[in-house]
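Asks:
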Amino acid sequence: MSGKPKLHYINGRGRMEPIRWLLAAAGVEFEESYLEKKEDLTKLQKDGSLLFQQVPMVEIDGMKLVQTRAIANYIATKYNLYGKDVKERALIDMYVEGMFDLNELLLKNRYLPADQKEQHFANMMDKATNRYFPVFEKVLKDHGKDFLVGNQLSRADVQLLEIILMAEEYQPDVLAKFPLLQSFKARISNIPTIKKFLQPGSQRKPVIREEEVPKVIKIFH
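Just so it is clear: in the sequence shown, position 140 is 140 by UniProt numbering, and no numbers are missing.
(1) Are G83 and R89 closer than 7 Å when you measure CB to CB?
(2) Are the CB atoms of I194 and A76 nearer to each other than 7 Å?
(3) Closest to L107 by C-alpha separation, out of K138, K78 and I164, would be which residue?
(4) Could you spell out the range, first to last residue, of the alpha helix (DSSP H) harbouring M99?
(5) Go ahead and pull the three-state DSSP assignment for H8.
(6) Looking only at DSSP bridge pairs, what is K64 linked to?
(7) Measuring alpha carbon to alpha carbon, tell me which of G150, Y9, E211 and L180 ends up nearest I92.
(8) Might you give, ordered along the chain, the residues of its own chain that have their beta carbon closer than 6 Å to the beta carbon of Y9, omitting 5 neighbours on each side?
(9) DSSP beta-bridge partners for Y34?
(10) Rank V213, V216 and N73 by C-alpha distance to the C-alpha of S154 and give the top, closest one.
(11) Can you tell me the Cα-Cα spacing of A70 and P18, whole angstroms?
(12) Given that a residue counts as buried once 16 or more other Cβ atoms are within 10 Å of its Cβ, and exposed if not, what is V66?
(13) Please name the residue, chosen from D157, M125, D126 and N123, that lies closest to V139 on a Cα-to-Cα basis.
(14) Whose CA, out of P5, F147, L23 and E210, lies closest to the CA of A186?
(15) Please work out which residues of its chain come closer than 8 Å, Cβ to Cβ, to L41, disregarding the five sequence neighbours upstream and downstream, and give them in chain order.
Set out below in structure tokens:
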């Protein structure tokens with residue numbers, strides 16, 4: 001064991017991508033073990049590695065952690081991305097929960113049958129531009145700092161940037177009405193560890209291709 005965290009998931013974004021982002025932002029190198037077929041998941045389930053029979057699973061510090069939020073909480077705490085006190089942590093949690101809701105909508109659209117995509121897309125972008133992004137624009141305005149919480153990088157900043165970039169893949173001008181989020185995106189993207197993660201060849205995963213969707217569905221169902 002190299003001492004690096006080891007991530008067990010498909011070779012794609014899904015629910016592991018926020019964890020990859022957090023580790024990258026913290027400057028932590030990690031290894032990945034990909035599920036290529038249903039049997040790979042079954043093997044992890046049978047050997048007792050998955051507490052609730054589900055991935056993502058991350059081997060870190062002698063533990064096998066499951067559940068995306070629990071893994072992200074641990075990494076954020078370990079690498080000082082979780083605020084300076086309990087009040088800041090509560091704000092970070094609140095913002096991140098909203099982000100997870102939007103993230104689920106953005107992820108789901110790629111896996112929907114063709115006849116459901118158009119309506120889901122319209123609903124998803126409506127919520128992004130009228131429910132979620134206005135909140136974070138206002139948070140930045142009211143807070144008056146470079147970051148969402150306190151005056152240092154937190155997991156909320158990292159995960160908001162991830163979601164902004166995902167939303168822009170669907171609609172490039174999604175931030176047109178949000179000047180503070182535009183500045184935020186530029187600022188956080190230039191943090192050296194994050195800038196490195198955004199370069200070609202990093203462990204950041206691309207958008208899933210349509211032809212890969214059936215394979216992923218087969219692994220998980």
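Glycine included, every Cβ here is placed at the ideal spot set by N, Cα and C.
Replies: Checking against the coordinates, here is how it stands:
(1) yes
(2) no
(3) I164
(4) V86 to N109
(5) strand
(6) E59
(7) G150
(8) M16, V55 and P56
(9) Y9
(10) N73
(11) 12 Å
(12) buried
(13) D157
(14) F147
(15) L35, V55, I219 and F220
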